[in-house]
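When you line the sequence shown up against the numbering used here, it's residues 22 to 337, in that order.
First up is the structure itself, then whatever we jot down about it.
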Amino acid sequence: MALTRSEAQSVSDQGFDKTLSVIVYEDSALFTKLKQSHKVTRKGGQFIMWPVRYKQLGSADAVDPDQAVGFERVKTRTSAQLGWKYYEADTMITWKERTENAGSRFQVVDLIKDKTKELMEDMYERFATDLYTSNPNGNGFSALTEIVDATTSYAGIAVADATNWASIETAETTLTLYSGTTPLAKMVSDATFGKKKPTLHMTTRNLQNKFESLMATNIRYEDTSMANAGFSNVTFRNAPVIGDDHCPASVWYGLNTDVMEFCFHSDWDFKTTAWEDNTKQGFPNALIKVCTWAGNLKSLERNSHFKYTAVDYTNN
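Next comes the structure, spelled out in structure tokens:
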């Protein structure tokens, strides 16, 4: 007798479906860092909105105690707004697979496990790619290339309208720690405002190796929380430097994860459907399952992030 829909669903209900969100949130260094800081957050409503203060009030000063107080309205805030972005992945158990995996619970478990893993990996690959490069169909969540930028609008706010909110970027081609025109130390300092500063560096594997070679004669520390999560790193000013296979060549991001949130809609956090018959779509006796997610990547402030866009790891 062929594998039944109820058998497939019974195996899925035992925990396979619940692992879908784990690989996306925990196999990416940035998402892991945000999750560790409780910055993967549940949201609702029509939009993701927050206020942005782009100008200092400028009313505080030392005064003559007998001097009259003059009140003046200074516009210091605007509203940032992101829309929900939607993702979908689907998988199918074919008629042939249902037939070949009948009669043995071990075969059923292995099949469902493989299908679930395939679905997770497909969703993760899409998220990991869209994190660095805007989704080509224009429907993806806000990528780092959009958030961490000196000229690009983000969350409905143009840089021209909030210049103090823009990120720092440079086309420097040589990575140095302290020497040169725009060394790493300067980029970090320029993106530091009191306690607000970059807490995570994301770059390519080659640039991570280059950084570690520059640190060879210096004291080397590792961020243990990220290392324990599986991400080898060496810190710079207490922020881990991590290489990511999905990061575009020549790019380096310094991110303040304290002001970032990966927001997901409360109804669609990798929600998975039950296995359903797919005869109506032209695949008789096949079973299908769909995983859906809605959310966006939010940055409360942009000026405590920075990026290099053209670093050549072969330069000395």
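Using N, Cα and C, we set each Cβ at its ideal position, and we do this for glycine too.
Being a predicted model, the structure only gives us computed values, none of them experimental.
Cβ-Cβ distance between residue i and residue j below 8 Å
| i | j | result |
| --- | --- | --- |
| A187 | A212 | no |
| L152 | L51 | yes |
| T340 | Y108 | The requested residue 340 does not occur in the structure, where the chain is confined to residues 22 to 337. |
| L140 | A110 | yes |
| A260 | L221 | yes |
| H326 | I168 | yes |
| I189 | L308 | no |
| E193 | T184 | no |
Which listed residue (the options) has its alpha carbon closest to that of residue i
| i | options | result |
| --- | --- | --- |
| R126 | K310, Q229, A29, P219 | A29 |
| D298 | S163, L228, T112 | T112 |
| D34 | L308, N336, A295, A307 | A295 |
| S200 | L235, W289, N122 | L235 |
| K310 | L24, D38, A23 | D38 |
| K56 | N337, T191, D279 | D279 |
| A315 | S58, V180, T62, S31 | T62 |
| S27 | V130, S49, V73, T154 | V130 |
| T195 | N227, A179, W116 | N227 |
| D135 | A23, E243, V32 | V32 |
| T293 | T137, K54, N160 | T137 |
| N230 | M247, G264, T197 | G264 |
| T166 | T25, M247, R323 | R323 |
Inter-residue Cα distance where the pair is residue i and residue j
| i | j | result |
| --- | --- | --- |
| T224 | I69 | 28 Å |
| D288 | K60 | 18 Å |
| A250 | I44 | 12 Å |
| Y334 | K218 | 24 Å |
| R147 | A176 | 22 Å |
| Y46 | M144 | 11 Å |
| Q155 | S174 | It should be pointed out that residue 155 corresponds to Ser in this sequence rather than to Gln. Distance between the alpha carbons of S155 and S174 is about 13 Å. |
| N337 | L198 | 12 Å |
| Q10 | F162 | As shown, the chain starts at 22 and ends at 337. That puts residue 10 outside it, with no answer to give. |
Neighbour-count burial assignment, residue i, 16 or more Cβ in a 10 Å radius
| i | result |
| --- | --- |
| F291 | buried |
| K207 | buried |
| T120 | exposed |
| A181 | exposed |
Residue i at chain C interface by Cβ criterion, 8 Å
| i | result |
| --- | --- |
| E243 | The chain labelled as chain C is not found in the depicted structure, where only one protein chain is given. |
Exercise for review: State whether the stretch 100-107 contacts the stretch 298-309, with contact taken as three or more CB pairs (one from each stretch) at a distance under 8 Å.
Suggested key: no
Review point. Are the stretch 310-323 and the stretch 282-292 touching by the rule of at least three beta carbon pairs closer than 8 Å?
Key: yes
Point to revise | Segment contact flag, the stretch 265-275 with the stretch 322-336, C-beta cutoff 8 Å, min 3 pairs | key: yes
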